[in-house]
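What follows is a set of notes on a single structure, which appears directly below.
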Amino acid sequence: MGTRKRNWQQRWLEISQMLRHQPVVQIAELATLFGVSAETVRRDIDGMAEQGLLLRSYGGAAALQTANEPDLAQRATMLVEERQRMAAEALQLVRDGDVLMIDASATCVHFAGMLALHRERLTILTNSFAVANALADNPGMEVLMLPGRFDAHENASLGSLTTEYLQNFQADLCVSSCGAMTEEGPTEVNSEVASLKRTMIHRSRYTALLVDHSKFGPGKLEKVCPLSKVRHVISDTAPHPHLAQAIQASGAMMVVA
Numbered sequence: 002m003g004t005r006k007r008n009w010q011q012r013w014l015e016i017s018q019m020l021r022h023q024p025v026v027q028i029a030e031l032a033t034l035f036g037v038s039a040e041t042v043r044r045d046i047d048g049m050a051e052q053g054l055l056l057r058s059y060g061g062a063a064a065l066q067t068a069n070e071p072d073l074a075q076r077a078t079m080l081v082e083e084r085q086r087m088a089a090e091a092l093q094l095v096r097d098g099d100v101l102m103i104d105a106s107a108t109c110v111h112f113a114g115m116l117a118l119h120r121e122r123l124t125i126l127t128n129s130f131a132v133a134n135a136l137a138d139n140p141g142m143e144v145l146m147l148p149g150r151f152d153a154h155e156n157a158s159l160g161s162l163t164t165e166y167l168q169n170f171q172a173d174l175c176v177s178s179c180g181a182m183t184e185e186g187p188t189e190v191n192s193e194v195a196s197l198k199r200t201m202i203h204r205s206r207y208t209a210l211l212v213d214h215s216k217f218g219p220g221k222l223e224k225v226c227p228l229s230k231v232r233h234v235i236s237d238t239a240p241h242p243h244l245a246q247a248i249q250a251s252g253a254m255m256v257v258a
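Numbering (the numbering used here), first residue to last: 2 to 258.
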């Protein structure tokens with residue numbers, strides 16, 4: 002396409018076209034392609050993200066989730082038996098009176114339902130409306146909903162306001178999941194989701210990562226944290242040998258539910 006100058010409408014159109022054929026684009030790549038500064042491309046990406054045309058990601062932008070990708074409510078109905086087993090294992094890590102941070106993962110919705118039935122006097126910070134709803138029938142739970150931009154696909158709050166608010170709190174345990182689990186650590190395609198999970202992990206004494214067998218594969222765009230930041234990895238299936246070795250080397254405890 003060369004480096005001829007485009008106006009912003011032309012750049013937006015070409016970025017959209019590129020994201021139909023590849024999952025991510027990088028700012029440096031676009032700046033060279035369009036013959037503009039990295040700051041100009043960053044403003045383009047910010048504008049497109051505000052219009053709901055793409056997702057911001059580390060160093061660039063990612064394609065929106067496709068229409069046939071299941072949303073949170075649909076995902077929570079998949080692998081139900083496996084998610085319930087993982088949630089039951091994670092429940093053993095929680096004591097009455099603990100402070101927890103729980104993200105908006107589908108498995109965490111199952112985990113929240115078990116907390117409501119089997120634990121008391123918990124303080125829970127979450128960005129997930131589904132998690133908060135699962136805890137609603139237990140009057141012994143104090144649930145703090147994190148503020149931020151509402152993401153309908155995840156039924157959760159996201160964005161800089163969400164992560165900044167978390168900095169005011171310290172938790173005993175973070176319970177989280179990820180888009181994909183690699184030998185370097187959990188990964189996500191959405192930079193806002195990665196940032197939120199990273200902050201939850203940083204603000205918690207321990208982290209339990211609930212990852213079903215479908216998460217053992219190629220990494221997503223952005224690493225959430227190194228494996229050394231995770232205390233427990235709970236799955237329905239033993240990971241492949243290279244990943245199992247990396248988990249053991251990191252000091253994390255691998256639990257197969």
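We treat Cβ as the ideally placed atom computed from N, Cα and C, and that holds for glycine.
| Check | Outcome |
| --- | --- |
| Could you name the residues of the same chain whose beta carbon sits closer than 7 Å to that of residue 247, not counting the 5 residues immediately before and after it, in chain order? | 184, 228 |
| Scan the segment 124-188 and note each continuous alpha helix (DSSP H) run of 4 residues or more that stays entirely inside, going in chain order. | 130-135, 161-167 |
| Quick check on the DSSP output: what are the complete beta strand (DSSP E) runs of length 3 or more inside the segment 76-106, in order along the chain? | 100-103 |
| Go ahead and label residue 12 buried or exposed: buried means 16 or more other beta carbons lie within 10 angstroms of its beta carbon, across all protein chains shown. | buried |
| Could you check if residue 251 is buried or exposed, using at least 16 other CB atoms within 10 Å of its CB as the buried criterion? | buried |
| So what does DSSP say about residue 6, is it helix, strand or coil? | coil |
| What first and last residue would you give for the beta strand (DSSP E) that runs through residue 57? | 56-58 |
| Just to confirm, is the Cβ distance from residue 42 to residue 32 under 8 Å? | yes |
| Just how far apart, CA to CA, sit residue 120 and residue 114? | 10 Å |
| Could you please give the first and the last residue of the uninterrupted alpha helix (DSSP H) stretch that includes residue 44? | 39-51 |
| Tell me which residues share the same chain as residue 195 and place their Cβ nearer than 6 Å to its Cβ, disregarding the 5 neighbours each side in the sequence. | 189, 223, 225 |
| Out of curiosity, what's the CA-to-CA distance linking residue 259 and residue 144? | With the chain represented from 2 up to 258, any question about residue 259 goes unanswered, as that position is not in the structure. |
| Could you tell me which of 156, 155, 112 sits nearest to residue 136, measuring between CA atoms? | 112 |
| Which residues mark the beginning and the end of the beta strand (DSSP E) in which residue 206 is found? | 205-211 |
| With residue 172 and residue 102 assumed to form a contact (beta carbons below 8 Å), what rounded beta-carbon distance in angstroms separates them? | 4 Å |
| Evaluate residue 106 with the Cβ neighbour count: other Cβ atoms within 10 Å of its Cβ, from every protein chain shown; 16 or more gives buried, anything less gives exposed. | buried |
| Rounded to whole angstroms, how far is the Cβ of residue 181 from the Cβ of residue 219, which I believe are closer than 8 Å? | 6 Å |
| Determine whether the beta carbon atoms of residue 178 and residue 127 lie at a separation below 8 Å. | no |
| In the DSSP assignment, find the beta strand (DSSP E) that holds residue 243 and state where it starts and stops. | Run containing residue 243: none in the beta strand (DSSP E); it sits in the alpha helix (DSSP H), 242-251. |
| Give a yes or no on whether the C-beta atoms belonging to residue 204 and residue 167 are separated by under 8 Å. | yes |
| Taking the Cβ atom as the reference point for each residue, do residue 63 and residue 55 lie within a distance shorter than 8 Å? | yes |
| Quick one: what does DSSP say residue 193 is sitting in, helix, strand or coil? | helix |
| Apart from the five residues just before and just after residue 95, which ones in its own chain have a Cβ nearer than 8 Å to its Cβ? | 101, 116, 120, 123, 174 |
| DSSP on residue 34, reduced to helix/strand/coil? | helix |
| Based on Cα-Cα distance, which residue from 210, 170, 140, 130 lies nearest to residue 153? | 130 |
| Please classify residue 233: does DSSP put it in a helix, a strand, or coil? | strand |
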